[in-house]
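The sequence shown begins at 10 in the numbering used here and counts up one residue at a time. Where is the CB? At the ideal position from N, CA and C, for every residue including glycine. Take a look at the structure set out below.
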Amino acid sequence: MRFQTMAQNYGEIKIPTKVIPKRPNGDENSLLLDMINGSREKEQAPKSEDIQPIQSPVETASFQADSEPNNPTTQLPDDQLMVDVQNLTKIYPGDVKAVNNINFFVKQGEFFGFLGPNGAGKTTTMKILGTLVRKTAGTAKVLGVDVDSNPDFIRRQIGFALQEISLDHLSTGKETLVLQGVLHHMSKKEAEIRADELLELFKLKEAAKRTVGTYSGGMRRRIDLASVLVHKPKLLFLDEPTEGLDPQSRQSIWQYLKQLNDEGVTIFLTTHYMEEADLLCERLAIIDQGVIVALDTPETLKKSIGADIVNLTFDPTQGPVNNETIKTLISQIEDISEIKFLDDTISVFTQNGANKVPAILNLLSGEGIKIESISVSQPSLNDVFLKYTGHQIREEETKTSVVNPMTRMWVRGGR
Ligand SMILES: Nc1ncnc2c1ncn2[C@@H]1O[C@H](COP(=O)(O)OP(=O)(O)OP(=O)(O)O)[C@@H](O)[C@H]1O
Ligand SMILES: [Mg+2]
Numbered sequence: 010m011r012f013q014t015m016a017q018n019y020g021e022i023k024i025p026t027k028v029i030p031k032r033p034n035g036d037e038n039s040l041l042l043d044m045i046n047g048s049r050e051k052e053q054a055p056k057s058e059d060i061q062p063i064q065s066p067v068e069t070a071s072f073q074a075d076s077e078p079n080n081p082t083t084q085l086p087d088d089q090l091m092v093d094v095q096n097l098t099k100i101y102p103g104d105v106k107a108v109n110n111i112n113f114f115v116k117q118g119e120f121f122g123f124l125g126p127n128g129a130g131k132t133t134t135m136k137i138l139g140t141l142v143r144k145t146a147g148t149a150k151v152l153g154v155d156v157d158s159n160p161d162f163i164r165r166q167i168g169f170a171l172q173e174i175s176l177d178h179l180s181t182g183k184e185t186l187v188l189q190g191v192l193h194h195m196s197k198k199e200a201e202i203r204a205d206e207l208l209e210l211f212k213l214k215e216a217a218k219r220t221v222g223t224y225s226g227g228m229r230r231r232i233d234l235a236s237v238l239v240h241k242p243k244l245l246f247l248d249e250p251t252e253g254l255d256p257q258s259r260q261s262i263w264q265y266l267k268q269l270n271d272e273g274v275t276i277f278l279t280t281h282y283m284e285e286a287d288l289l290c291e292r293l294a295i296i297d298q299g300v301i302v303a304l305d306t307p308e309t310l311k312k313s314i315g316a317d318i319v320n321l322t323f324d325p326t327q328g329p330v331n332n333e334t335i336k337t338l339i340s341q342i343e344d345i346s347e348i349k350f351l352d353d354t355i356s357v358f359t360q361n362g363a364n365k366v367p368a369i370l371n372l373l374s375g376e377g378i379k380i381e382s383i384s385v386s387q388p389s390l391n392d393v394f395l396k397y398t399g400h401q402i403r404e405e406e407t408k409t410s411v412v413n414p415m416t417r418m419w420v421r422g423g424r
């Protein structure tokens with residue numbers, strides 16, 4: 010492809026999906042102008058016979074969750090698969106197993122998510138599907154097409170927003186969008202019309218003539234997202250699209266994404282924000298250390314916990330408490346299904362958590378153990394993550410959420 014010289018190097022493969030023009034170097038700039046002005050050689054659009062038929066789903070379950078929260082192998086004869094991944098593995102040089110034999114699919118029109126901590130393998134999986142990174146083993150099909158057999162076709166059909174935003178800071182918002190349109194074989198006129206539509210949709214009309222370098226973080230995310238939508242892809246890959254944004258900007262991105270999905274765009278999103286996964290995703294895979302440990306609707310995942318959670322912290326002035334003593338005491342109470350220790354918090358999984366609080370308080374105070382806080386919650390995705398992985402998704406997030414004043418017992422609604 011002629012403009013491949015300007016493509017970014019995303020680790021392993023140079024791609025033209027999103028081209029970042031450099032200024033003011035003559036060659037690249039004139040190439041950019043050529044493209045915008047339509048004087049470059051037009052690349053042939055894919056022929057319809059190039060499009061492989063979308064396959065029926067096949068047995069793909071690989072994770073073993075103890076309560077079988079979901080079986081992704083369910084036959085879906087009427088659904089089309091936008092993404093179909095089987096036994097996918099990626100080992101980077103240095104024997105880093107980033108993705109370890111995972112299986113999942115994404116149906117047409119679905120809002121699907123990967124929830125996982127740093128280094129879980131989210132970006133690697135997404136880059137394999139976007140044909141930016143080569144897989145080591147297994148199969149991966151996007152729009153029915155094998156990622157190795159026709160990567161160019163896949164790149165032209167999808168929208169892919171990388172985790173790291175990469176924009177030309179010297180281009181205006183509108184130029185950024187028009188360029189993407191031209192690169193996707195639109196005429197300059199068509200690209201301009203589409204750019205105006207997107208600037209309106211993403212509330213960037215006022216800033217359309219300003220250079221992207223003057224945009225705030227939230228505006229940059231929005232223009233980046235808009236730039237992958239110029240060619241109206243039916244399948245979007247969004248790698249942590251709201252990472253680092255303030256709550257307000259995050260909510261406006263969620264609103265756009267919901268709207269797109271309502272209009273029929275299939276979205277595969279990665280995130281480490283539980284609220285985001287819970288709110289947006291129809292189905293969710295929890296991924297940790299390269300392995301999918303659970304996959305289902307957020308609702309079913311939470312129900313799979315099967316209990317309320319009573320969280321306890323202890324008065325630090327009494328010194329460290331003996332976890333085993335506490336476990337023995339609390340285990341005497343009926344219906345306690347699990348007791349987990351995490352840093353200075355103890356989580357007791359039980360039916361009717363609020364009703365168990367008096368008994369827990371009595372038993373512990375009878376042994377002279379002073380409690381700093383006690384709270385009852387219905388299961389959240391955080392609890393689901395803890396159950397299936399044995400740790401919190403991001404330690405720094407949880408430390409602030411469990412400390413409550415001694416006298417305050419709150420009951421938090423689960424999602
Ligand atoms: N190019 C590379 N070479 C070697 N190892 C890599 C490379 N890219 C990623 N890794 C490793 O692969 C693992 C998975 O990384 P990946 O970027 O897919 O995780 P992630 O879930 O996207 O994390 P984050 O939430 O931090 O974005 C990590 O251990 C990472 O260090
Ligand atoms: Mg990542």
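Backbone secondary structure at residue i - three-state DSSP
| i | result |
| --- | --- |
| Thr-134 | helix |
| Glu-376 | coil |
| Gln-401 | coil |
| Asn-96 | strand |
| Phe-394 | helix |
| Ile-232 | helix |
| Ile-314 | coil |
| Ile-163 | helix |
| Gly-174 | A small correction: the amino acid at residue 174 is Ile; Gly does not occupy that position in the sequence shown. Three-state DSSP puts Ile-174 in coil, outside helix and strand. |
| Glu-381 | strand |
| Lys-214 | coil |
| Ile-348 | strand |
| Leu-370 | helix |
| Asn-364 | helix |
| Thr-140 | coil |
| Thr-251 | coil |
| Thr-223 | helix |
| Phe-323 | strand |
| Glu-68 | With a pLDDT of 25 at Glu-68, under the threshold of 50, the predicted position of this residue should be treated as unreliable, though the coordinate-derived value follows. Here Glu-68 sits in coil by DSSP. |
| Asn-38 | Interpretation of Asn-38 is limited by its pLDDT of 36, a score under 50 that renders its predicted location unreliable; the figure taken from the coordinates is listed afterwards. Helix at Asn-38. |
Buried or exposed (CB count within 10 angstroms, at least 16 for buried), residue i
| i | result |
| --- | --- |
| Gly-375 | exposed |
| Glu-9 | The requested residue 9 does not occur in the structure, where the chain is confined to residues 10 to 424. |
| Ala-146 | exposed |
| Pro-367 | exposed |
| Leu-179 | exposed |
| Glu-209 | exposed |
| Pro-388 | buried |
| Ala-216 | buried |
| Asp-297 | buried |
| Gln-166 | buried |
| Glu-119 | buried |
| Lys-364 | According to the sequence as given, residue 364 is Asn; it is not Lys. Asn-364 comes out exposed. |
| Asn-320 | buried |
| Lys-218 | exposed |
| Val-67 | Note that Val-67 scores 29 on pLDDT, short of 50, meaning its location in the model is unreliable and no value can be drawn from it. |
| Pro-30 | Only weak support is given to the placement of Pro-30: the predicted model assigns it a pLDDT of 38, under 50, and the question is left unresolved by the model. |
Contact test: residue i Cβ vs ligand 2 heavy atom, cutoff 7 Å
| i | result |
| --- | --- |
| Lys-131 | yes |
| Glu-249 | yes |
| Gln-298 | no |
| Gln-264 | no |
| Gln-172 | yes |
Delimiting residues of the alpha helix (DSSP H) encompassing residue i
| i | result |
| --- | --- |
| Asp-425 | Because the chain is modelled from 10 through 424, residue 425 falls outside the range shown and cannot be assessed. |
| Asp-287 | 283-289 |
| Thr-334 | 332-339 |
| Leu-186 | 182-192 |
Extent of the continuous beta strand (DSSP E) to which residue i belongs
| i | result |
| --- | --- |
| Leu-208 | No beta strand (DSSP E) holds Leu-208; the alpha helix (DSSP H) holding it covers 197-210. |
| Leu-278 | 275-280 |
| Thr-354 | 354-359 |
| Thr-148 | 146-151 |
| Val-237 | No beta strand (DSSP E) holds Val-237; DSSP gives it neither H nor E. |
| Ala-104 | Residue 104 is actually Asp in this sequence, not Ala. Counting along the chain, Asp-104 falls outside any beta strand (DSSP E), and DSSP gives it neither H nor E. |
| Asp-157 | Run containing Asp-157: none; DSSP gives neither H nor E here. |
Proximity test, residue i beta-carbon vs ligand 1 heavy atom, cut-off 7 Å
| i | result |
| --- | --- |
| Val-105 | yes |
| Tyr-282 | no |
| Tyr-101 | yes |
| Asn-127 | yes |
Residue-chain proximity (residue i, chain D), Cβ-Cβ < 8 Å
| i | result |
| --- | --- |
| Gly-147 | No chain D appears in the structure shown, which is made up of a single protein chain. |
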